Structure formats: structure tokens, C-alpha cells
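Protein chains: 2
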Amino acid sequence: MDISERKKRILRAVIEDYIATAEPVGSKTIAKHAGLDISPATIRNEMADLEAMGLLEQPHTSAGRVPSPGGYRFYVNELMEWHRLSIQETERLNAALHLKAQELDRVITEASRVISQLTKYPSYAISAGPSHVTIRRFDLLMVERQTFIVVVMTDTNLVRNKLLRLPADLSETQIQLLNRLLNASFTGLTSEEITPELMNMAKQTAEDAYALLAMAVSFAIEVMKEQGTYDVHLSGLTRLLEHPEYRDLERVQPLLSYLSEEKALSTLPMPDDSQVKIYIGPENVAGALQDTSVVVASYDIGDHMRGLIGIVGPTRMDYAKIAARLYYFADGLAKFLGPGAPPPEH
Amino acid sequence: MDISERKKRILRAVIEDYIATAEPVGSKTIAKHAGLDISPATIRNEMADLEAMGLLEQPHTSAGRVPSPGGYRFYVNELMEWHRLSIQETERLNAALHLKAQELDRVITEASRVISQLTKYPSYAISAGPSHVTIRRFDLLMVERQTFIVVVMTDTNLVRNKLLRLPADLSETQIQLLNRLLNASFTGLTSEEITPELMNMAKQTAEDAYALLAMAVSFAIEVMKEQGTYDVHLSGLTRLLEHPEYRDLERVQPLLSYLSEEKALSTLPMPDDSQVKIYIGPENVAGALQDTSVVVASYDIGDHMRGLIGIVGPTRMDYAKIAARLYYFADGLAKFLGPGAPPPEH
DNA sequence: GTTAGCACTCTCGCCCCTTGAGTGCTAAGC
DNA sequence: GCTTAGCACTCAAGGGGCGAGAGTGCTAAC
Numbered sequence: 009m010d011i012s013e014r015k016k017r018i019l020r021a022v023i024e025d026y027i028a029t030a031e032p033v034g035s036k037t038i039a040k041h042a043g044l045d046i047s048p049a050t051i052r053n054e055m056a057d058l059e060a061m062g063l064l065e066q067p068h069t070s071a072g073r074v075p076s077p078g079g080y081r082f083y084v085n086e087l088m089e090w091h092r093l094s095i096q097e098t099e100r101l102n103a104a105l106h107l108k109a110q111e112l113d114r115v116i117t118e119a120s121r122v123i124s125q126l127t128k129y130p131s132y133a134i135s136a137g138p139s140h141v142t143i144r145r146f147d148l149l150m151v152e153r154q155t156f157i158v159v160v161m162t163d164t165n166l167v168r169n170k171l172l173r174l175p176a177d178l179s180e181t182q183i184q185l186l187n188r189l190l191n192a193s194f195t196g197l198t199s200e201e202i203t204p205e206l207m208n209m210a211k212q213t214a215e216d217a218y219a220l221l222a223m224a225v226s227f228a229i230e231v232m233k234e235q236g237t238y239d240v241h242l243s244g245l246t247r248l249l250e251h252p253e254y255r256d257l258e259r260v261q262p263l264l265s266y267l268s269e270e271k272a273l274s275t276l277p278m279p280d281d282s283q284v285k286i287y288i289g290p291e292n293v294a295g296a297l298q299d300t301s302v303v304v305a306s307y308d309i310g311d312h313m314r315g316l317i318g319i320v321g322p323t324r325m326d327y328a329k330i331a332a333r334l335y336y337f338a339d340g341l342a343k344f345l346g347p348g349a350p351p352p353e354h
Numbered sequence: 009m010d011i012s013e014r015k016k017r018i019l020r021a022v023i024e025d026y027i028a029t030a031e032p033v034g035s036k037t038i039a040k041h042a043g044l045d046i047s048p049a050t051i052r053n054e055m056a057d058l059e060a061m062g063l064l065e066q067p068h069t070s071a072g073r074v075p076s077p078g079g080y081r082f083y084v085n086e087l088m089e090w091h092r093l094s095i096q097e098t099e100r101l102n103a104a105l106h107l108k109a110q111e112l113d114r115v116i117t118e119a120s121r122v123i124s125q126l127t128k129y130p131s132y133a134i135s136a137g138p139s140h141v142t143i144r145r146f147d148l149l150m151v152e153r154q155t156f157i158v159v160v161m162t163d164t165n166l167v168r169n170k171l172l173r174l175p176a177d178l179s180e181t182q183i184q185l186l187n188r189l190l191n192a193s194f195t196g197l198t199s200e201e202i203t204p205e206l207m208n209m210a211k212q213t214a215e216d217a218y219a220l221l222a223m224a225v226s227f228a229i230e231v232m233k234e235q236g237t238y239d240v241h242l243s244g245l246t247r248l249l250e251h252p253e254y255r256d257l258e259r260v261q262p263l264l265s266y267l268s269e270e271k272a273l274s275t276l277p278m279p280d281d282s283q284v285k286i287y288i289g290p291e292n293v294a295g296a297l298q299d300t301s302v303v304v305a306s307y308d309i310g311d312h313m314r315g316l317i318g319i320v321g322p323t324r325m326d327y328a329k330i331a332a333r334l335y336y337f338a339d340g341l342a343k344f345l346g347p348g349a350p351p352p353e354h
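Below you can see the structure in the form of C-alpha cells.
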């Protein structure tokens, strides 16, 4: 976009003032801004130009100017200085990152809660599993007659178990045999690779105990599928109400309802490249997000797994600060969960 | 309370009309009620009496009457006819109860979601674990050098596992020994009964492998503790906004914020006797619930475990219908999860 | 190209008025 | 002595009018 230096400075002043106050910004306010030695009238002319370019908007004739989504976009792309976290801020974030070593989904939940608290916006967190999980190891345990435990471990080091009951009396030897069969035939395969033919072959070998084997395998498939799917979590929904743009019930309700729907969460932006992405107003696909912005950071947690953590808020938000915090936080999470991470403590 | 038959009929008419319309009820409206052949003037006199008794209230001088919390209480205790579910309703509830056989906490979540949908109020569900869980069985599996899986099964038939890494090279024989030791010494004990002395004794026996044993035991304790604690879940928070009493943001916000706090959920009513309990307005202890009512049903799910499922809404609610639905639903959940329940399907 | 001046526009808050619903009281009726 | 018609009174809600204030666009001078 071809735009004079002065216009840029004015645009930036308008946006930053509006971010801070939530009130339309007039020419006089900008004129008072240090560093800009021009009269309100000149600024008015410039602002009219900026409006014509689609970077500013007027709520009504006699109000000040407000940034348009396009204006925010231009600001984010070209004008914004990436916020440098203060020492206090990094300390707060570090403290928040001291999550207890727990199951992955607990970490996700907790991270989301914390980010929501720090940013004052609702936050969502997603852990996207790897696309190709395989089972690394099976263990079949007999608890008592007709009661068994199957334990599977994936190549992503996840261990899951299930209690099985079935009306079949099997000997210890049969169990051991079955165990060996499972480990020989069904490890290292993705769920798609476990075909009916394969199952049939197994049936030949372990006729008596086939029911148990089938249950163990279908549990394994379930675990692999579960790993591959997204796990989304949302926190701090009602923080929306703390922001002036949502003082009006008519305006919040659709957004609240949208965000409380489980399935809606999966329509939230989920970028799979870069580190911090910003979606401003109509850049969002979901209809209910047309007046909101989403800032989301993604991070690598090793083993082909990725995580996302983001926030949802009004288009008027301090993108610089929010993006910096998310970036830092995601980075911390990556270190905490990622490839080189230390084993969980006890 | 000593109160004439006619007053009762008027009170009931007021309450039921108010429940249906959410508007203060005037004497004329009541007079038109079939079955009451008295003039508005007489009704006005009676209503003034009912107000003096604290059963009705007037929002302002020239408005109709509105039930007070005490009025609702009297209605619930003495006037209300328990709603009989229609065939359609039981069918809807039955359909909703067809939950997939899954982990307990998934069932809880799902049940809460469904009840919220059916009642149009936010719903909470709690599974209260038994107070004395013990471990029934340990299994220690070696995955590879320095990597182990510990599997524990409680007397409530819950199976949990954890992946352990520790810098100790143990032989298969050692593992088996440890396994036997664990099963001999640490099964059948509650977490309190696992004393430092007991641990010390174990240390003597299994010196080399003590670190692994200690980790297995502390995991077991963790699992027992987890079982004993409450697990609370809330669904459909934003449904509050669908009700006219919450059209005002000032009024909803505190309630929404209260209910979105994780820890606040544990201050929700959790009766441990009877089957359906109703808490009206100020009968709730929590400050944020002074203007809301809570209806909660409890049910037995065997093994000394209990579940609760309840809803939160304005004091103006159709107690008869809501209570009947919760009762039916809780009953269904008890059958589904309870002592005589069939084993999970596959 | 910049700026002072000015008329114009539009929102917001305020006051006032009307309307309508509902009450309590009084006096008459059964 | 209870019931009821009649009536004056009260109060919330909605609508119109008005002034203040903020900000604009245009014009003309610098």
C-alpha cells in the first residue's frame, strides 16, 4: 500500500489511542500527540483520506474515527512494534508456566486457563495429535476368570488401558500366547493398516481366544484414533463481558453461544505454519467471529505433535502485547513438552 | 402454616401464572382463572394478606404480585403437583440416556450437556467418589531399559497406568519380585494406611529397586486420592441468557463469573441424602446464588459411589417439571451406571 | 500545503408528558 | 360480615422535544 509517512503516523496514533480508550478518536486528540506538530484541520484532511482508503471508519458523521479491520491489518503488518515483555511480565509468564507434570490434556487445560487469566480474554487450546500413530507394545493381564486388562503403549509414549470382561475362560498360557501374537502382529501398524484380512489371519491362529484379541485390537485402534484427533479446550469465556464492546447483551450473546458449543471450537482458526497468527474480524471464516479477532500461537511438541494456544476478543485489542505474550508462552510450552523436554518429574 | 384453602388456590394461581409469563400477576388475571368464582377486589384483599405473610412480593406499588422465595418454598412443599412426564418426554430422556459406554467422567460430562439441553438451564454434574478406595492389583511392566509401566487397579474396578522412566537397570526377575512385593504388601490398603513405616519395611526387602517401588506406590496413592475427590462439570452456561430475568447484563455477569470459576463449582449444593432437592434463592449459601434456584438429583452408582446432577436457574422456574425430569434422568443414570449395571459394551 | 473559522450533523442525556396497568380504600349489596 | 363495584392514586415505561457537546467538512486566508 502506497501511503505517506505522515499518514502512517496518524493511523498509528488513532489505532493506539483507540486500543487504549475504546472511544472514537478525534482530530484534536491526535494533534495533542507528542511528535506530531500539525493542526487538527490538517489531521482531519489526512483522516478523510485514510477513511477513503478503507483504513478508518466513522461510527456516525459527528463522531471520531475508529480503525476498520483493514486498518488493524495494516497496523499489524507494517506499523506495530512487537511488544517487548517487561521483566515482571516474563516472570509472571514463567510462574504460570510452572505447570505440574501431568497428562498432556491437563497441561492443555491449565495453559488455557492461565493464558485467559493473563490476557483477560477467553482462551482456547488445542493439541493436535500426529497423523500416524502406531502401537508399540501390548500387555494383556488377567485379573480373574473372565476379567482382563489390556494395556497398550503407542509410539508417542502414551499408555492407555481398559478393563475387559468377557465370558471366556482362558489359561495363563493362552494369555501369554495371545500377548505374543498381539505384539508380533499388531505393533508398528497405523489404524488403517489393521485390515479385515489381518484380523482373519489372527483368527486362524488364536481361535479360542479370538474374542479377547479382537477386543484388545479394537481398543488399540480407538487409542490410535483418539491420538490423531484434536482435543480442544476453552477457558475464561465470561471474560468477554469485562470488555466495553460487549457491554451490550445483544452483541455478546451470539458470540458466547457460539463459543460454548463444543463443535464450534473446531472451527476456530488452527494455522499449521508460523508461530503467531492474527485473524482480524472478517478474516475469520466463522460467522459469529466477524467482529472479533483471534490471536493464536502454535508450537511444536515433538513426535510430530503440535499444539495451539490462542485467545478470542474484540477487534480492538492490544495486538502487540497479546501476540508477544502468546509467543512467549507457546515457546515455553514447547520447551516444556517438546522433543528435548526432560522426563516428567515425580 | 395456617392458611385458608382459598388463599392457597390464589397463591398457586399466581405462582403458576408467573412461572409461565415472567410478568407480575394482577388480580384481574387471577379472577379470570377457571375455578375461582370471585371478584378481583376480593382477590386483592387476599393477595394483600399473602403479601403480609411473606409469600408474595410487589416489585413496586402499581405492579402485580410476584412470588417471594418463601412463596416458592411453600408452593414446592405443599401446593405443587409433581409433574408426570408425557410419553414424548420420557422418550426424549430415554434417547438422551443412550450414552455410549465410556469412561465415567465422559458419561458425567455428556449427561450434564444433555440435561442442560433438555431443561434450557446450565447444568452441573458431580461424581463423588467413595471415601475408602484400595488398590486391588498392581502390574509392573518393563518396556525397555529404564522405562517401565505401572498399572494399578482399584477395588472400584478402575484401571490406571503411568509410564515411568528412571535410571535403574533391573532384570526381569527383579521386576517380578517387585511385582509380587507390591501385590503382597500394598493391596487392600487405603492411602492413609500406607505409612512411612510400611515403606521402610519395603525398603529393606527391595533395596536395589526401591526407587521404582516408591514411584509405583506413590502413583497408587495418587490414583486413590483422585478417586476420592469430587469431579465437577458444568455445561450450558450461556443458556442463562435465554431467560428474561437475565436480559440485564449487570445481573448475569456476577452469576456467569461465579459459575465459570472452577472452584466455585464445589460450593454448589451437594446433598447427600434424598433424591431431588430444591434450593430456592437465599436458601443457597453461595452469595452469587441468592437470586437463583438450584434443583439437584442424586443417585447411587454402586461401590459406595454417588452422583449428582443439577441445574441452576432463576427462582422463577417450573419446579414441578424440572424436578421430575431430573428425577427420571438420575434414575436412568443409576440404572446405567449402578450396582446391577451390565458391563460396558464394545 | 497548512490552518483558522464556522456552519452543520449527530449522539446522548435530560425532562416532561401521557398511557396503562394495578392497587387500596370506601361504601353499598347480599 | 364477607363480597363487590367504583374511584382516586401510584408508578413504570415509552415517546417527543430540547440543549449540550464533540467532531466533522468546507471555505478562505496565510
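First to last, the sequence lines map onto chains A and B. Residue 22 in our numbering sits at position 14 of the first sequence, and the numbers go up by one each step. Residue 221 in our numbering sits at position 213 of the second sequence, and the numbers go up by one each step. Even glycine gets a Cβ: it sits at the ideal position worked out from N, Cα and C. This one's a predicted model, so the numbers in the text were calculated from it and none came from an experiment.
Own chain partners of residue i with C-beta closer than 6 Å, once the 5 adjacent residues on each side are dropped
i      : result
V84/B  : I286 and Y327
F146/A : V160, L190 and N191
A272/B : Y266
A217/A : L178, Q182 and L186
8 Å Cβ cutoff met for residue i and residue j
i      : j      : result
A1/B   : R324/B : What is shown of chain B runs 9 to 354, which leaves residue 1/B out entirely.
L87/A  : V22/A  : no
L93/B  : G340/B : no
I116/B : F337/B : no
A331/B : V303/B : yes
I11/A  : S35/A  : no
I229/A : I202/A : yes
P130/A : P290/A : no
T246/A : S243/B : no
Cut-off 8 Å between Cβ atoms - residues of its own chain near residue i, not counting five sequence neighbours on either side
i      : result
P32/A  : Y26, Q66, P67, A71, G72, R73 and V74
S47/B  : A39
V151/A : I157 and L171
M207/A : A222 and V225
W90/B  : A328, A331 and A332
Y254/A : L248, V260, L263 and P322
E180/B : M150
Y335/B : Q283, V284 and A305
For residue i, the residue or residues it bridges with in DSSP
i      : result
R145/B : M161/B
R314/B : A136/B and D308/B
F156/B : M150/B and L172/B
G321/B : S301/B
P279/A : Looking at the DSSP assignment, P279/A forms no beta bridge with any residue, so it has no partner.
Alpha-carbon spacing of residue i relative to residue j, whole angstroms
i      : j      : result
H354/A : L171/B : Here H354/A scores only 38 on pLDDT, less than 50, and its place in the model should not be relied on; the value that follows carries that caveat. H354/A and L171/B: Cα-Cα distance of roughly 11 Å.
Q154/A : L149/B : 21 Å
G43/A  : R17/A  : 9 Å
R81/B  : Y132/A : 41 Å
A39/B  : E24/B  : 14 Å
N187/B : S274/B : 38 Å
T162/B : I134/A : 31 Å
I319/A : S306/A : 12 Å
T69/B  : Y266/B : 33 Å
T127/A : E97/A  : 11 Å
T195/A : E205/A : 16 Å
F344/B : K233/A : 26 Å
A60/B  : T29/B  : 24 Å
P279/B : D45/B  : 42 Å
M55/A  : L257/A : 32 Å
A176/A : F227/B : 31 Å
I288/A : G79/A  : 10 Å
Reference residue i; option with closest CA among the options
i      : options                           : result
I95/B  : L341/B, L345/B, K343/B and R333/B : R333/B
T237/B : R14/B, E13/B, T37/B and P138/B    : P138/B
S193/B : V167/B, L276/B, T142/B and R114/B : T142/B
Q235/B : R14/B, L58/B, R168/B and R121/B   : R168/B
D281/B : H251/B, L316/B and A294/B         : L316/B
N53/B  : K15/B, Q125/B and T164/B          : K15/B
Contacts around residue i, its chain only, beta-carbon distance under 7 Å, and the 5 residues preceding and following it disregarded
i      : result
H140/A : T198
L249/B : V260
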